[in-house]
Each structure stands twice: as C-alpha cells, then as structure tokens.
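Here the structure is laid out as structure tokens; the discussion comes afterwards.
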Amino acid sequence: MPVATRSVIRLYAALNVLAVAIWLLVLADKWVLPGNSVSDYGVPLGLVCLFFVLPPAAVILWRRNRGRGPVSGARRVYLLASKIFLGITWLASCIPVFFYGAIFSVVLGQAWPFSLREGPDTGFAREKFAEHFGFTPPDSVKELYCRQAWEFGDGRTYKFRFHFEDAAVVEAIVRGLRLEPIDEDVRNSWVVALSGIEWWPDRLPESYRKVYRAGPRPRLWVDSENGVACYRSWP
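One point on numbering: in my numbering, the residue at position 77 of the sequence shown is 57, and numbering is uninterrupted.
Below you can see the structure in the form of structure tokens.
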C-alpha cells in the first residue's frame, strides 16, 4: 500500500473513531443515561468540535489523494463509507453550532451598545410595543423600555416597562391579551430577570398591587398609584 494511501486511511480511521464516540454519547443521552452531565455537555461540545475539525480534515485528505491512482477493493468501499458517515455527522454537527450561534447573537444584541435601543422611548421599543400588544403606544406612555430575548422552544420573548398617564392603556393590554387578575397574594408573583436588565426591578415593589396572568403565569404588574407597568411575555 502506498504511504500516502496508508496515511489517508489512518486519518479516516481517526475521524471515524471520533465521530462514533460522539454518536455513542448521543445514544447514551437518549436511552441509557438521560440527564447525565457527561453526555449532556459531551454531545453538543463534541459535535461543535467536529463541525470545525471535519472541513480542514477533508481538505487535507483531498490534497493527499490528489494525483493518486484509484483505490480498488475493500479500501475503496471503506473510504466511500467513511465519506458518507462523516458527511452525515458533519451535517448533524451544524445543529448545535447554529443553535449556540443564535443564542450568542441574542446575547450580543443585548450588550452595549446594542442595549441602547431598549429605551427609553426609542423607535425599537415603540415598534415592539405595537407589534406585541396590537396598538401603537399613545403619547401618554412615557419612559418605555423593551427587551427582546429568545427562549428555548418559544422563539422571541419580550419584557416591557413603561409609565402611563391613562389607565386605558393597561385596560387595552388586558383585553387584547385576555389577561385575568390575580386575586390572591401577589408578593410571590414577581420574576427576576436572570439576564440582569437595569430597568427591570430586582423585586416586586409594594406599590404594584394589581397583577394579571395568562393561565397560571403572571404577565402584567401594575402600579396604579405611580402609573407604572411591567410586562413579560414568557414564561
């Protein structure tokens, strides 16, 4: 066997072993050890590594095979099967790469200076208010802030905080989203923003006496005395 062909087969063998190990982690996470930290982190990290390793490896293999004669027999079958297997594995590796890429793009969009678009009273905040609530914020809505984020399985989500001079704005939101008032103690209804939004309170102020929900989830907190409302679309 020529030295070049031998080195190509060895490189394919190494890549196949790496890919098989990742697929075994996928199967273990699915059926054998669901929720295991090794498979939970090993699967996406392994696939991400393959995403970046396989393309340059393919270039190296192509350069080593360039100008060589055709390979016959079992070696040809092995190389063809390896190409198909590694190609499918690389396509699977695109999933976590694009997934984490989407998360990174959202995080980047929330960092300075991109966070400046959140408010107060920016065109972005007013546009998202109209898009989500179904009506343009009137002039009586002041100090409007909006955070657009992304959550697993729920697409785009929003948080709003604004001052209102006319209670009809809050009533329109309640009617439009079919929210229901929470009659019981609302002190435990507040949800802290884990991403650390400067304009989103860390805890529920005592003046927020009215809370509205969609199903079991609180959505809208209203301070009627000071004319302030906070809203979140998820969870």
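Just so it is clear, CB atoms sit at the ideal spot from N, CA and C, and this is done for glycine as well.
- request: Alpha carbon to alpha carbon, how far is residue 203 from residue 96? Give it in angstroms, no decimals.
  value: Straight-line measurement puts the Cα of residue 203 at about 25 Å from the Cα of residue 96.
query: By how many angstroms is the C-alpha of residue 43 removed from the C-alpha of residue -14?
result: Just so you know, the alpha carbons of residue -14 and residue 43 end up roughly 14 Å apart.
- request: Please state whether DSSP places residue 170 in a helix, a strand or coil.
  value: coil
field: Sequence-distant residues of its chain with Cβ nearer than 6 Å to residue -10 (five each side left out)
entry: none
message: For the alpha helix (DSSP H) containing residue -8, name the first residue and the last one.
response: -17 to 7
task: Could you have a look at residue 34 and say whether DSSP puts it in helix, strand or coil?
output: DSSP, reduced to helix, strand and coil, places residue 34 within a helical segment of the structure shown.
Short Cβ contact (8 Å threshold) for residue 28 with residue 77: Yes. Within cutoff.
task: Leaving out five residues on either side along the sequence, give the residues of the same chain with a beta carbon under 8 Å from the beta carbon of residue 159.
output: Excluding residues within five positions, the ones whose Cβ falls inside 8 Å are 153, 192, 193, 194, 199 and 200.
- prompt: Grouping DSSP H, G and I as helix and E and B as strand, with all else coil, what is residue 199?
  reply: strand
query: Which whole-angstrom value is the C-beta distance of residue 2 and residue 23, which I expect to be below 8 Å?
result: 7 Å
task: Could you work out which residue in 5, 69, -5 and 68 is closest to residue 41 when comparing CA atoms only?
output: -5
- request: Quick one: give me the first and last residue of the beta strand (DSSP E) that residue 193 is part of.
  value: Run containing residue 193: 190 to 194, per the beta strand (DSSP E) assignment.
message: Could you tell me the alpha carbon to alpha carbon distance between residue 148 and residue 81, rounded to whole angstroms?
response: Straight-line Cα distance between these residues: approximately 41 Å.
task: Leaving out five residues on either side along the sequence, give the residues of the same chain with a beta carbon under 7 Å from the beta carbon of residue 216.
output: Outside the displayed span of the chain (-19 to 215) sits residue 216, for which this structure offers no information.
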